[in-house]
Every structure is written in structure tokens, then in C-alpha cells.
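Residue numbers (UniProt numbering): 1 to 556.
Ideal Cβ placement from N, Cα and C applies to all residues, glycine included.
Quick notes on the structure that follows.
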């Protein structure tokens, strides 16, 4: 239990500009700045990486992570499996889980804004072996070039050229976007983010026009497709059980749709005022999901029936995207091309994010000597170029889609990524739970955190439990008689024995210790907060800005 003198260095609100001496008054230890002390909890982040991202980049990256190819491409398969009501409920349920998970990571990442985020948090609050395990699993997931395969799927809407041509072109673009500066990457994603927001708004507005009979020759639909062919689709088996099977099996593709959302915390070490920016960026995700994502899904279920031939057969191209189908059914000729072009930027954006995630994971592992130290190397612009080149070396795996159906290979990658995403959500929840326990055991209150939310402890437990259920039941349809598929079973459950094997290996090799709540080193983090205060400029409303400008003018 820390005494009052031990806690005088804790940070109040981020805006507090109290002097370092005031914060550390009564502290008996001699605290050096993190920049001077190589054992500092964020030393490598501060000394090797450049903080080139701003809060506006982080906020836009949350949108980039939410609106990806999962929504635009795989939502057709989701609608086919589960029907309109089942699809909307699936997106709502997973959306609530994601929102709760983001509240949890917002607190942990703003407390310890480390590159690699979840990996480093696990080492700090739980056990070094947990961080090692997830670090390498997450890196393995980043090696799966699902989004590069998705570019080939999208391009087939316009041409029958071999997929390898587009895989080569976009693979090069992925690397070039990441290798220059983090600021350049942020600006590219910022533009892509606005394009996605524009696309979602176009889809919602156009969908409403179609649904209300606003296009030539189109009758008013309303919720017609919810009645005929019906609210729920049967999948694999008949009757009510088949409807539930369809709904539950569709959850995995919905998880994939949300899979990039938690990655903004990975870039904490490269973000200015990272505690403030990451917290507000992650916390606001829930509102954006409700306002935009679910609106887009609801409109989709109203304008495309789940038994549409293109959705039912699956063409393996973007022509089976339900949004493109809706526009074609309504006789809108140009808009499908615009939609497909923006879907292409979504694939590009998500591919960029995979390289970012993989290279920063390797950087995080190398800080703890769990990966070769060469992955700590950065260029003069603060880019971990070795990690980027290593991850990029696996992009040619996407050429698998040249010999198999592009959509089939995309589906394999999708299932692999979904399992890893669920594992990440579980670990995010576990990190928050262990951080909370450590705070209580060592006499701190939640108000001592630089940023906190009252519902976060409950959100962490809820999202963690639901993610465990999703992970364990993700491939349940393989156990229905006559429907076992070795590829699907492998991609669903391989991650579980892999995690157990990696954890056991590092536990035995390094003999790491599970940290009891009182053993977690919270002091090092609070010291870093005290030594590196964030000065957030106050935000003024437009009215206040006008009044201030008028006063300045009159005083001249």
C-alpha cells in the first residue's frame, strides 16, 4: 500500500501543468527522465520512433479500422447465411462487444501508451509469456495478406486480367505507403478515411432513396425483404435450428469486419499527446459504430434480399458485393463503379494497417528481447524499416489466389484473422482486469489514471467473456453431421494450440512469473506520466473563436 508521499507524483488531468518538483515532492527515490534512463518503461518508444501522428489522424484511423473490406465484400455472405434480421442483430451484438472492448483499451493504452500496445500491456500487467505468445501470434496474423487478395477480388469487377498483376501493383503500393514516414502514412489514411465516410453516407442516402421508391421503375420497398423471403435464413439445417446456425456462423465474418478497430493503440508511441489522443479516439468508436455502421447495415438489409442470385452463388468478385448489387438492381449505372473504387481504397488501407501492425509488433517484441534486436532498427525518419520489409516479404502469399478462387482464398485469410482478432479482444480485456486489480491492491484509485471511464471495469469483463464464447464456437458448424471441412476447422481453431504451444515454450525457456496484483510495476508508469506531461491546447467553439478574434481586433 503506497503512502501518501509515494503517490504525490501521480498525474491529475492531462492538462495539469504542475511542475515536476511539485509532482515528485516527498518522493525518496531519484527519478531520471525516461529519455535518460534506458530501463524506462517507454524508453525505446521515445528514443527511436517519431511522434508524427496527431489526434485527427488517430480519430480517422478508428474509422479506417471499422469500415473495411469486411463490410463491403463479406457482408454479402453474412446476409446469405442469416437473413436481414439475423445480419442486423449480428452486427449489433458484435458492435456492442467491440465498443466495450474499446473502452477497456482506451484506459489501458492511455495509461501506458506503448508501441505494440496489447503485447506490452500483457508483459507489464500479467506475464511476460503472455506478451510473447500474443506478440508472435499477432505477427503471424499480419503475415496473412488477406487484404492484398481482396484487391484482386475488387479489380475483377472491371477486368478479367490475372489476379497476379493487381497483387504485384498493390503489394508495391502497400510497401511504399509504409516505408517513408509515419506522418505520410497518417495523411494517406486520413484521405482514405474521408473517402470511406463519404462512401458510407452515399450508401445510406442512396439506399434510402431506393427503399422509398425514388428511382425510376422502383416501387417502395420499406421492409418488404424482411417479410419476403423473411427475416432469417436457414443455413445447413432446416427450421428454427437452421436459422440460429445461420446467425451464429455469420458472427465470424462480422468479427472480421470489425477486425482493424483495435489497432490504433499500436501506434501510441508514434502519436503526439498519445494518452489524450488514443483515449478519445478509442472511446468514441462506440458512437461511430451505432451512428454509421449499423445504419449502413440496416439500409442494406432493406434493399437486397438474402436469396439474390449473385449473393447466393458468390461470383468471387466485387459484383457479389451487396451494395453493388443494390445499385445495379435499382438501375444506377455509374454509382457501382464509384463504390467499387472506394472499396478498393478500403482494401489498400487495411493492407497498410496489416504492415503497420506487424512491424510494430516486432518492434515491441524486440524491446523485450523476444525477437531479434535488428527489429529495433529505425531509419532517420523513425520508421522501423526492418520490420516493414520482413512483413512485406510475405505479401507474395497472396499469389495463392491466382490458382484458387480469389474469394475462397480471401475467405481462408478472413477466418485466420477473425480468430486472432478474438484472441486480441480477450487479451485487451484481461489486461484491463489485471491493471484494475493492481491499482486496487497497491492503494490507487481509478481517478489516479490519466483518463478513465466509470463503466470500463464492467465493459472489460463483458467483452472478454463474449470474445471467449465467439472464439470457442466460431467453427461449430464443422461439428454438424456431414458438414466437416478440414480447411475451415484448421483456420478456426489452429490459433488455440498455437497459443498454448508458444506460451508453454516461453514459460519453460525463460521461467517467467505470473504477476500478482501487488507485484505489477505501476510506479514506473506513473513516473513516466510525471516526467512526460501532455499539454493539450484548449479547444474553443466557433463562437468563442469569433469573439476572441473580435477582441484582438479591437485591441489593435
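Self-check item: At least 3 beta-carbon pairs within less than 8 Å: the segment 191-202 vs the segment 422-437
Solution: no
Practice problem: Quick one: give me the first and last residue of the alpha helix (DSSP H) that residue 535 is part of. | Solution: Along the chain shown, read from residue 1 onward, the residue named residue 535 stands at position 535. Here residue 535 belongs to no alpha helix (DSSP H), and DSSP marks it neither H nor E.
Quiz item: Once you ignore the five residues that flank residue 180 on each side, which residues in its own chain have a CB closer than 8 Å to its CB?
Solution: Translated into the one-based positions of the chain shown, residue 180 becomes position 180. Excluding positions up to five away in sequence, the list reads 381 and 383.
Self-check item: According to DSSP, residues forming a beta bridge with residue 271
Solution: The residue labelled residue 271 in the question sits at position 271 within the chain shown. Residue 271 is bridged to 53.
Quiz item: DSSP state of residue 36, grouped into three classes?
Solution: The residue given as residue 36 occupies position 36 in the chain shown. At residue 36, the pLDDT of 35 sits below 50, so the modelled position is not reliable; the number obtained from the coordinates is stated separately. It is coil, neither helix nor strand.
Practice problem: Using 10 angstroms around the beta-carbon of residue 275, count the other beta-carbons present and answer buried if the total reaches 16, otherwise exposed. | Solution: Counted from its first residue, the chain shown places residue 275 at position 275. Its Cβ being crowded by 16 or more others within 10 Å, residue 275 is buried.
Quiz prompt | Distance between residue 373 and residue 397 (C-alpha atoms, nearest Å) | solution = Your numbering for residue 397 matches position 397 in the chain shown. Your numbering for residue 373 matches position 373 in the chain shown. So the two alpha carbons sit approximately 26 Å from each other.
Exercise. Thinking residue 104 and residue 463 are a contact (beta carbons under 8 Å), I'd like their distance in whole angstroms, please.
Key: Sequence index remark: in the chain shown, residue 104 carries index 104 (1-based). Sequence index remark: in the chain shown, residue 463 carries index 463 (1-based). Their Cβ separation, rounded to whole angstroms, is 6 Å, which keeps residue 104 and residue 463 in contact under 8 Å.
Quiz item: So is residue 323 buried or exposed if we call it buried at 16+ other beta carbons inside 10 Å?
Solution: Taking the chain shown and counting its residues from 1, the one referred to as residue 323 is at position 323. Buried.
Quiz item: Within 10 angstroms of its Cβ, does residue 228 collect 16 or more other Cβ (buried), or is it exposed?
Solution: Stepping through the chain shown from its first residue, residue 228 is reached at position 228. Looking at its Cβ environment, which holds fewer than 16 other Cβ atoms inside 10 Å, residue 228 is exposed.
Self-check item: Between the CA atoms of residue 481 and residue 309 - distance to the nearest angstrom
Solution: The residue labelled residue 309 in the question sits at position 309 within the chain shown. The residue labelled residue 481 in the question sits at position 481 within the chain shown. The alpha-carbon atoms of residue 309 and residue 481 are separated by roughly 27 Å.
Practice problem: Buried or exposed for residue 440, please, with buried defined as at least 16 other CB atoms from any protein chain shown within 10 angstroms of its CB. | Solution: Indexing the chain shown from 1 puts residue 440 at position 440. Exposed is the call here.
Self-check item: Integer-rounded CB distance, given that residue 354 should sit under 8 Å from residue 150
Solution: Against the chain shown, residue 150 aligns to sequence position 150. Against the chain shown, residue 354 aligns to sequence position 354. Not really, about 11 Å apart at Cβ, beyond 8 Å.
Quiz prompt | Residue closest to residue 230, alpha-carbon to alpha-carbon, out of 307, 363 and 107 | solution = Here residue 230 is taken as the residue at index 230 of the chain shown, counted from 1. Checked all of 307, 363 and 107; the closest Cα to residue 230 is 307.
Quiz prompt | Contact belief for residue 343 with residue 73 at Cβ below 8 Å, rounded distance in angstroms | solution = Here residue 343 refers to the residue found at position 343 of the chain shown. Here residue 73 refers to the residue found at position 73 of the chain shown. 7 Å between Cβ atoms; contact.
Quiz item: Curious, which full-length alpha helix (DSSP H) runs of at least 4 residues does the segment 308-355 contain?
Solution: 309-313 and 322-329
Exercise. Provide the residue span of the alpha helix (DSSP H) that contains residue 506, from first to last.
Key: As a working mapping, residue 506 is identified with position 506 in the chain shown. Counting along the chain, the alpha helix (DSSP H) containing residue 506 begins and ends at 495-510.
Self-check item: Cβ pair count under 8 Å reaching 3, the segment 284-296 against the segment 45-54
Solution: no
Quiz item: Looking only at its own chain, which residues have a Cβ that is under 7 Å from the Cβ of residue 236, when we skip the five neighbours before and after it?
Solution: As a first step, residue 236 must be located in the chain shown, where it is residue number 236. These residues qualify, in order along the chain: 242, 245, 477, 480 and 483.
Practice problem: Given a cut-off of 8 Å, decide if residue 460 and residue 125 are closer than it, judged by their beta-carbon atoms. | Solution: Residue mapping note: residue 125 aligns to position 125 of the chain shown, counting from 1. Residue mapping note: residue 460 aligns to position 460 of the chain shown, counting from 1. The answer is no: Cβ separation not under 8 Å.
Exercise. Give a yes or no on contact between the segment 128-137 and the segment 494-514, applying the rule of three or more CB pairs nearer than 8 Å.
Key: yes
Quiz prompt | Cβ-based neighbour list, residue 493, same chain, cut-off 7 Å, excluding 5 preceding and 5 following | solution = Start at 1 with the first residue of the chain shown, and residue 493 comes out as number 493. These residues qualify, in order along the chain: 475.
Quiz item: DSSP state of residue 520, grouped into three classes?
Solution: What you label residue 520 is simply residue 520 of the chain shown in a count that begins at 1. In the structure shown, residue 520 sits in coil (DSSP, three-state: anything other than H, G, I, E or B).
Practice problem: Within 10 angstroms of the Cβ of residue 511, are there 16 or more other Cβ atoms? Answer buried if so, exposed if not. | Solution: Here residue 511 refers to the residue found at position 511 when the chain shown is read from its first residue. Flag for residue 511 reads exposed.
Quiz item: With contact counted as at least three CB pairs below 8 Å, one residue from each stretch, are the segment 108-120 and the segment 186-194 in contact?
Solution: no
Quiz item: Taking 7 Å as the line, does the beta carbon of residue 117 fall inside it for any heavy atom of the ligand GDP?
Solution: Of ligands this structure carries none, so the ligand GDP is not represented either.
Quiz prompt | Selection from 442, 399, 190 and 320 that minimises the alpha carbon distance to residue 158 | solution = The residue you call residue 158 lines up with position 158 of the chain shown. Closest by alpha carbon: 320.
Practice problem: Let me know if residue 38 comes out buried or exposed under the rule of 16 or more other beta-carbons within 10 Å of its beta-carbon. | Solution: Position 38 of the chain shown, counted from the start, is the residue given in the question as residue 38. Only weak support is given to the placement of residue 38: the predicted model assigns it a pLDDT of 47, under 50, and the question is left unresolved by the model.
Practice problem: Please go through the same chain and pick out, in chain order, the residues whose beta-carbon is closer than 8 Å to the beta-carbon of residue 435, but skip the five residues on each side of it. | Solution: On the chain shown, position 435 is the one that residue 435 refers to. The answer, listed in chain order, is 107, 108, 111, 121, 125 and 520.
Quiz item: Helix, strand or coil: how does DSSP classify residue 101 here?
Solution: Within the chain shown, numbered from 1, the residue matching residue 101 stands at position 101. Residue 101 falls in the helix class under three-state DSSP.
Quiz item: Which residue from 94, 256 and 233 puts its Cα closest to that of residue 82?
Solution: Counting from one through the chain shown, the residue named residue 82 turns up at place 82. That would be 233, whose Cα lies nearest to the Cα of residue 82.
Practice problem: Less than 8 Å between the CB atoms is what I'm expecting for residue 254 and residue 117, so what's the real figure, rounded? | Solution: Within the chain shown, residue 254 is the residue found at index 254, counting from 1. Within the chain shown, residue 117 is the residue found at index 117, counting from 1. Incorrect: roughly 23 Å between the Cβ atoms, too far for contact.
Quiz item: Hey, how far is the Cα of residue 345 from the Cα of residue 335?
Solution: Locating residue 345 in the chain shown gives position 345, where the first residue counts as 1. Locating residue 335 in the chain shown gives position 335, where the first residue counts as 1. Near 16 Å, if we compare the C-alpha coordinates of residue 335 and residue 345.
Quiz item: If residue 142 sits next to residue 357, beta carbons under 8 Å apart, how far is it from one beta carbon to the other, in whole angstroms?
Solution: Within the chain shown, numbered from 1, the residue matching residue 142 stands at position 142. Within the chain shown, numbered from 1, the residue matching residue 357 stands at position 357. Contact flag correct, Cβ pair sits at about 5 Å.
Quiz prompt | Sequence-distant residues of its chain with Cβ nearer than 6 Å to residue 432 (five each side left out) | solution = Here residue 432 refers to the residue found at position 432 when the chain shown is read from its first residue. Excluding sequence neighbours, residue 432 sits near 104, 108 and 460.
Quiz item: In angstroms, rounded to a whole number, what distance separates the CA positions of residue 299 and residue 207?
Solution: For this step, residue 299 is matched to residue 299 along the chain shown. For this step, residue 207 is matched to residue 207 along the chain shown. Going from the Cα of residue 299 to the Cα of residue 207 covers about 6 Å.
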